[in-house]
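Encoded as structure tokens, the structure appears first; notes follow it.
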Amino acid sequence: MRRFVIGQAKNLIDQTRRPRPRPRPHHNNIRLLSPLASDPIPVSSSRFFSDMTGSDSSSSLPVTIDSINPNVLKCEYAVRGEIVNIAQKLQDDLKINKDAYPFDEIIYCNIGNPQSLSQQPITFFREVLALCSHTALLDRDETHALFSADSIARAWKILDQIPGKATGAYSHSQGIKGLRDAIAAGIEARDGFPADPNDIFMTDGASPGVHMMMQLLISSEKDGILCPIPQYPLYSASIALHGGSLVPYYLDEASGWGLEISELKKQLEDAKSKGITVRALAVINPGNPTGQVLSEENQRDIVDFCKKEGLVLLADEVYQENVYVPDKKFHSFKKVARSMGYGEKDISIVSFQSISKGYYGECGKRGGYMEVTGFTSDVREQIYKVASVNLCSNISGQILASLVMSPPKPGDESYESYIAEKEGILSSMARRAKTLEEALNKLEGITCNRAEGAMYLFPCINLPQKAIAAAEAAKTAPDTFYCKRLLNATGIVLVPGSGFRQVPGTWHFRCTILPQEDKIPAIVNRLTEFHKSFMDEFRD
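For the sequence shown, this note's numbering gives the first residue as 44, with consecutive numbering after it.
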């Protein structure tokens, strides 16, 4: 049982921390106001809808919109796109004109950013990180009253693996060897198959790993990457930035966002007919934005497809901890391939993991890794070279990535509290997902598949023709039109499905399940009231 000695704690804090600015007050209340559907943005705020991408044609500066890399212009990232920009402007204006809006705060349901919505970090992880970051704490007797024995022991172990015990120093370009050892051991424990720390490349979140692989695989627009549609826009953006071609394969919404091998074959042949060489298949499991969890049988078919067609399997597995239904279980693609008898020389697999998701939600610490298997030594040298250009990933993120894959074990002092925190977060996410799913399916014209995993719902919305016509008149996509109206009326920020791509003629939006559980009923009420008013306004 950990002891907390108040007097010692105060003395320790006074001795070890510098004065810091007072934090701004945070308000968690949601105020439901009506009418919701047609309240206009105040005149003073109309500037928020001005064109934020236009350029000043009178400028004599050397860089213009016409002279920059055209691949940058092709790149889009809707998760932080137009609607989010508008929301951020509204949030600033709320501080000044709080009575001018039918809501008192902006609720960001657009991005998987748990701690921004009040999810608390895992205590053991933060204790170890604090001790590693401020090593003076380890030399104080009071520390044993404030920190668990296993967090102190883990911090010493990690520091012993860092040259100079300095978390502010560069590391090996692949990451600190001892931390990669811990990650490899965690992968091996998860999968039941060997993992090599030399296959681990530590990254600042999963995104840099995806970019590195696109750099490696794409040499021209004739190089294609098979990507799921709907897809997480990191993939379309990264492919565009590196000058390649996105080859879409459509997930089957009617079967719970199923991935059909016949669809992969069809799109592969279509790409070949256009002179595109498909280099890799990207699979997101559990799905983003769709939330499905692939069956092991389906994964086996995918592995066989990649083996037969000679494709690199890019396995985005950052939501591996986020599975909410008892009839589904996460299996890594490497585990599936090894269980099928495929070894290193048979198939190339790159698995991506991040500390931003799961139950830990450490988005701002920017930690993650990719496990690279099935590549020749000369190609691996080139991957290492690309990693070296970035020097190394940040050390705090590396530490947290190792902790995620090697958390407290039974018998450790922190184990029971760690398990309670983990299970509390995941069970709450499951309840939130179910509540939102049920509420969405009660709304006119909306159907929403079961959220099996990840952090999102991706409902389909059957919009009236009058709403579609109004969107066309406003020169915007119908689902974007709907999400703008929702933001204006309720302060809720969603991402339109067109930002993820979708079957032509269908409309969706992505909603996170991350607002705290006590806020979900009010969000449901806001959304329900808005949707009813919107449908009544545009009813055919």
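Cβ coordinates follow ideal geometry from the N, Cα and C atoms, glycine included.
- prompt: What is the residue span of the beta strand (DSSP E) that Leu269 lies within?
  reply: 266 to 272
field: Element boundaries [beta strand (DSSP E), containing Pro291]
entry: 288 to 293
- request: Report the partner residues of Phe501 according to the DSSP bridge assignment.
  value: Answer is none; Phe501 lacks a bridge partner.
query: If you drop the 5 nearest sequence neighbours on each side, which residues of the same chain put their C-beta closer than 7 Å to that of Leu174?
result: Leu180, Leu181, Phe190, Ser194, Ile195, Ala198
Proximity of Phe501 and Gly542 at Cβ, strictly below 8 Å: No, the pair does not count as a contact, with Cβ atoms beyond the cut-off.
task: In the DSSP assignment, find the alpha helix (DSSP H) that holds Ser436 and state where it starts and stops.
output: Unbroken run through Ser436: none, as it is neither H nor E.
- prompt: In this structure, what does DSSP give as the bridge partners for Ser394?
  reply: For Ser394, which the question treats as bridged, DSSP gives the partners Ala358, Glu414.
- request: Output the boundary residues of the alpha helix (DSSP H) element that contains Phe167.
  value: Its alpha helix (DSSP H) spans residues 166 to 176.
message: Taking 7 Å as the limit between beta carbons, can you name the residues of its chain near Thr549, skipping five residues before and five after?
response: Sequence-distant partners of Thr549 (beyond 5 residues in either direction) whose C-beta falls short of 7 Å from its own C-beta, in its chain, are Cys503.
The stretch 158 to 178 contacting the stretch 398 to 414, beta-carbon criterion three pairs below 8 Å: yes
- request: Under 8 Å Cβ to Cβ from Phe348, same chain only, skipping five residues before and after it: list those, please.
  value: Ile304, Leu307, Lys308, Leu324, Leu354
- prompt: Do the stretch 459 to 469 and the stretch 164 to 178 make contact, defined as three or more Cβ pairs closer than 8 Å?
  reply: yes
message: On the criterion of 16 or more Cβ atoms from any shown chain inside 10 Å, does Leu294 qualify as buried, or is it exposed?
response: buried
message: For the structure I just gave you, are there three or more beta carbon pairs, one from the stretch 510 to 527 and one from the stretch 487 to 500, closer than 8 Å?
response: no
task: Identify whether Leu537 lies in helix, strand or coil by the three-state DSSP scheme.
output: coil
- prompt: In three-state DSSP terms, what is Ile326?
  reply: The sequence given here places Val at residue 326; Ile does not occur at that position. Here Val326 sits in strand by DSSP.
Unbroken alpha helix (DSSP H) run spanning Phe244, endpoints: It is not in any alpha helix (DSSP H) - Phe244 instead sits in the beta strand (DSSP E) that spans 243 to 246.
- prompt: If you follow the beta strand (DSSP E) that Cys554 is part of, which residue opens it and which one closes it?
  reply: 552 to 555
query: Any chance the stretch 260 to 279 sits against the stretch 451 to 460, with 3 or more Cβ pairs inside 8 Å?
result: no
message: Measuring only the C-alpha atoms, how far is Pro369 from Ala473?
response: 11 Å
task: Count the other C-beta atoms from every protein chain shown that fall within 10 angstroms of the C-beta of Val336, then say buried if there are 16 or more, exposed otherwise.
output: buried
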